[in-house]
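So the structure is just underneath, and the comments pick up after that.
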Amino acid sequence: DEIPAYPLQNSLTRPIRNAAKGKGDRDFMSLWAGQGAAMSRKCTAQELIDTLVTKTNDVLKSMSSNL
Numbered sequence: 567d568e569i570p571a572y573p574l575q576n577s578l579t580r581p582i583r584n585a586a587k588g589k590g591d592r593d594f595m596s597l598w599a600g601q602g603a604a605m606s607r608k609c610t611a612q613e614l615i616d617t618l619v620t621k622t623n624d625v626l627k628s629m630s631s632n633l
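Given below as structure tokens:
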């Protein structure tokens, strides 16, 4: 019941992924972006950090006011 290591899994499933790619069937392709890909936006690293800091501070403030 041991799960094979990634390199073996990758080799074993390559024909499935290639066939899916040929048909445009995303259900059996390797799509590494994850389910949140549609929420992404283009920005600089500085903009991303600034947003994270601002949103984190907002959450912390709201948590402290609820105590």
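For my numbering, count along the sequence shown from 1 and bump the result up by 566. Don't be surprised by glycine CBs; every beta carbon is placed ideally from N, CA and C. Predicted, not measured: the structure shown is a model, and the values here were computed from it.
Residue i versus residue j - alpha carbon distance
| i | j | result |
| --- | --- | --- |
| residue 578 | residue 602 | 27 Å |
| residue 598 | residue 629 | 34 Å |
| residue 615 | residue 624 | 14 Å |
Helix, strand or coil at residue i [DSSP, three-state]
| i | result |
| --- | --- |
| residue 570 | coil |
| residue 611 | helix |
| residue 616 | helix |
| residue 575 | helix |
Given residue i as reference, the closest of the options once Cα atoms are compared
| i | options | result |
| --- | --- | --- |
| residue 583 | 572, 623, 600 and 596 | 596 |
| residue 580 | 633, 622, 594 and 589 | 594 |
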